[in-house]
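Have a look at the structure below, then the notes.
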Amino acid sequence: MNNTLYQFNVPPDMLVADFKKHIEEDTKMNASVQRLIFSGKVLVNEKKLSDYGIADSVVVHLVQHPPTYTPPPG
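Whatever position you read off the sequence shown (first residue = 1), add 63 for this note's numbering.
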């Protein structure tokens, strides 16, 4: 991912998992490999944005997390 800046207007009671799906639509980065960071904390899918104090005009960092590798059986 590059240093592209995206702007999203979403409600603060949105779940992080739903926010990731919203991000996926614009960035084409699969939600399963997204890691969102705000104030030094990795956002947990099951929590709401408001649980982290995310409000208007804040910056949330998006990092691509490599998918976990599962070796084939054998």
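In this text, a Cβ means the ideal position worked out from N, Cα and C, and glycines have one as well.
Per DSSP, residue i is paired with what?
i, result
"Leu78", "Lys111"
"Val105", "Ile100"
If you follow the beta strand (DSSP E) that residue i is in, where does it begin and where does it stop?
i, result
"Ile100", "Gln97 to Phe101"
"Leu125", "His124 to Gln127"
Would DSSP call residue i helix, strand or coil?
i, result
"Lys84", "helix"
"Ala94", "helix"
"Asp89", "helix"
I believe residue i touches residue j by the beta-carbon criterion, under 8 Å. Please report the beta-carbon distance rounded to the nearest angstrom.
i, j, result
"Ile86", "Leu125", "7 Å"
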